[in-house]
Amino acid sequence: MSTNTTINLALSSPFHFLPISTITILIILSTYLLLVHFLRFSRRDSMIRKFGYTNRESFNDMTNTDAQKIIIHLGELEFPSLYKMSMQFGLFKTYGIPAISKLLVDTKQFSSKETASKRFADTGILIGEFSSHPPLHPRVLKAISRMNYLHSGYQKAGKISNDDLLYTLSVFITEPINWVNKYEWREFNDMEICAISTFWKGIGDAMEISYHVLPRFNKWKDGIEFYEDIRDWAQEYREKFMLPNPYNKKTADQLVPLLLFLVPKWALPFANDGVGVLMGPRLRKAMMYPEPSPLHQFLILSLLKTRQFFLRYLSLPRPEFMRVREISPTDDKGINERFHSSNYLVHPYYQNPGWWNRWGPMAIFTRIMGGYVPDGREEWKAKGYRFEEVGPRERECKGLEEMRGMEERLERERSGGCLFAFGGGEK
């Protein structure tokens, strides 16, 4: 090839007028975008291959143990922020039911920021404990037993109905699915939906919740069918019982300031509207919460969409070393059978007052924003928690005999195996 021909080809190249640095940047950027896509979706697909639940027929064989492993992967690695937020707002949604909010107000669990914060911490610990370990682990059995004991007195007094418990169970199934499908970088696949439903069905069984009001009672083939039934029932329940009530408003008036505790005063109008947007129309009305301004609603939804786009196309998946854990690992024996939590809403209940928690980056940020950091106060339970101490202060260390009986029952009846092999149980 002649020299003139070579020069002509070079001049005709589409990259002729681009500096070499620009070409390099384009190649690097394209490679990075492909890497993000590959790593994000390969991790999703590797989970399906790992557990072998590749089609609808296989979901019938999903075990409780596998379901727990899948949901902890979702909550700690795949969607940690939105998954946690969906659980918080799911719990919040139960406070839009007057029967539930009245009980909280009457028992003074939301009588102050401190008691509301403590109640929130206790709930998070019990849910975190029975979600973070295998179904038959002693910490799981203790957490479920403690939860059942705390509910038992109100159930016997007729202050908590089976439908109230079933609705509360439903939000922990439906809200993560709704939030992730709407706001995250991808939707849940069927295996993940089945795992969430199967796991919480196992918790409902341990709580002795009856499912007789669900359409396919005792005939479910898999967790997907259970999810569909409890989702549809919960929608009807909300339409009937989620109504405006002063008790609902009282719980919102105590809880929303906790959610926004670190928000600067100048940003509170926007943040309050943000909470209102995430509540949705029905819960806003039931809580007697003000309607968000159209501008704020547009901005908040735009921010969520921007985050969704960034995670989907520009952000590498969270690596294992950045796994978000709020409960100590399964092999942690604790100190004198006490465990510490690693996250808190406002008041640092059950936090280890070590140097990092007091002077690390997040602690410094919290101090700057006027928040609390762990400092060893007795009222904040700085030594950690034992399961029999979790709950309202007046019930600390009570119910030990009842809890032991419940643990023995769970050891006999609770299963790490398949929950739908024979139609979903007897409840």
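Counted from 1, the sequence shown has number 262 at position 262 by this note's numbering; the numbering is strictly sequential.
Note that beta-carbon positions come from the ideal geometry of N, C-alpha and C, so glycine has one too.
Tell me, to the nearest whole angstrom, how far the beta carbon of S315 is from that of V36; I am working on the premise that it is less than 8 Å.
With a contact defined as Cβ atoms closer than 8 Å, S315 and V36 qualify at about 7 Å.
Residues bridged to I27 [DSSP beta-bridge criterion]
Per DSSP, none; premise fails for I27.
For D450 and C397, which I take to be in contact (beta-carbon distance under 8 Å), what is that distance rounded to the nearest angstrom?
The structure shown does not extend to residue 450, since the chain is modelled only from 1 to 427, so the question has no answer here.
What three-state label does DSSP hand C418 in the structure shown?
Here C418 carries a strand assignment [DSSP, helix/strand/coil].
Local conformation of F110 per DSSP, three classes:
Three-state result, F110: coil.
Sequence ranges, alpha helix (DSSP H) only - wholly within the region 136 to 172, length at least 4
Runs found: 138 to 156.
How would you call L141, buried or exposed, if buried means at least 16 neighbouring beta carbons within 10 angstroms?
Its Cβ being crowded by 16 or more others within 10 Å, L141 is buried.
Along the chain, where does the alpha helix (DSSP H) that runs through I224 open and close?
That run of the alpha helix (DSSP H) goes 223 to 241.
Limits of the alpha helix (DSSP H) - the one that I300 falls within:
Per DSSP, the continuous alpha helix (DSSP H) segment holding I300 begins and ends at 294 to 313.
Ignoring anything shorter than 4 residues, give me the alpha helix (DSSP H) runs that lie fully in the region 351 to 396, in order along the chain.
Correct list: 355 to 359, 361 to 368.
Around the Cβ of K219, are there at least 16 other Cβ atoms within 10 angstroms (buried) or fewer (exposed)?
K219 should be labelled exposed.
Does I327 come out as helix, strand or coil in the three-state DSSP assignment?
Three-state DSSP puts I327 in a strand.
Report the CB separation of K381 from Y344 in whole angstroms; it is logged as a contact under 8 Å.
About 11 Å separates the two Cβ atoms, so there is no contact after all.
Can you give me the Cβ contacts of H151 inside the same chain, cut-off strictly under 7 Å, excluding the 5 residues immediately before and after it?
Taking H151 as the centre and dropping the five residues before and after it, the same chain places the C-beta of I160 closer than 7 Å to its C-beta, in chain order.
Three or more C-beta pairs closer than 8 Å, one from the region 162 to 174 and one from the region 275 to 295: is that the case here?
Between the region 162 to 174 and the region 275 to 295 there are fewer than three inter-stretch CB-CB distances shorter than 8 Å, so the stretches are not counted as touching.
With DSSP collapsed to three states, give me the class of I97.
Residue state for I97 is assigned as coil, using DSSP reduced to three classes.
At a cut of 8 Å, does the region 81 to 96 reach the region 176 to 186 through at least three beta carbon pairs?
They touch, by the three-pair rule.
Give the straight-line distance between the Cα atoms of Y237 and I209, rounded to the nearest whole angstrom.
Cα to Cα, the separation comes out at about 16 Å.
Consult DSSP for S131 and reduce its assignment to one of helix, strand or coil.
Helix, per DSSP.
Shorter than 7 Å from the beta carbon of N64 to some beta carbon of chain D?
Any reference to chain D falls outside this structure, which holds one protein chain only.
Which of the three DSSP states, helix, strand or coil, is assigned to I335?
Looking at I335 - three-state DSSP - the assignment turns out to be strand.
Ordered list of alpha helix (DSSP H) runs contained in the region 235 to 291, each at least 4 residues
Entirely contained in the region 235 to 291, the alpha helix (DSSP H) runs reaching 4 residues are, in chain order, 246 to 259, 268 to 279, 281 to 286.
Cβ-based burial, K201 [other Cβ within 10 Å; buried from 16]:
Around the beta carbon of K201, a 10 Å sphere encloses 16 or more other beta carbons of the protein chains shown; the residue is thus reported as buried.
Is DSSP giving S117 helix, strand or coil here?
Reduced to three states, the DSSP call for S117 is helix.
Run through the DSSP bridge pairs and tell me what S86 is partnered with.
DSSP output for S86 lists no bridge partner at all.
For L136 and R414, which I take to be in contact (beta-carbon distance under 8 Å), what is that distance rounded to the nearest angstrom?
That pair is a contact at about 6 Å.
I'd like to know whether the C-beta atoms of I144 and S341 end up nearer to each other than 7 Å.
No, the pair does not count as a contact, with Cβ atoms beyond the cut-off.
If you measure between the beta carbons of P329 and N357, is that distance less than 7 Å?
Annotated as distal: P329 and N357, with beta-carbon spacing of 7 Å or more.
Coarse secondary structure for T63, derived from DSSP in three states
Residue state, collapsed to three classes: strand.
Roughly how many angstroms separate the alpha carbons of L400 and Q235, rounded to a whole number?
So the two alpha carbons sit approximately 37 Å from each other.
If I measure Cβ to Cβ from I48 and keep anything under 8 Å in the same chain, skipping five residues before and after, which residues do I get?
If we look at I48 and ignore the five residues flanking it on each side, its Cβ neighbours are T54, N189, M191.
Ends of the alpha helix (DSSP H) at I193?
Boundaries of the alpha helix (DSSP H) around I193: 190 to 206.
Proximity to G354 [Cα-Cα], best of G384, G371, I327, G52
Across the set G384, G371, I327, G52, the C-alpha of G384 shows the shortest separation from the C-alpha of G354.
Buried/exposed call for R284, threshold 16 Cβ in 10 Å
Classification of R284: buried, given that the 10 Å Cβ count is 16 or more.
How is the alpha helix (DSSP H) around R186 delimited, first residue to last?
First-last for R186: undefined, no H or E at that position.
I need the straight-line Cα distance from R395 to L259, nearest angstrom please.
Spanning the two alpha carbons is a distance of roughly 26 Å.
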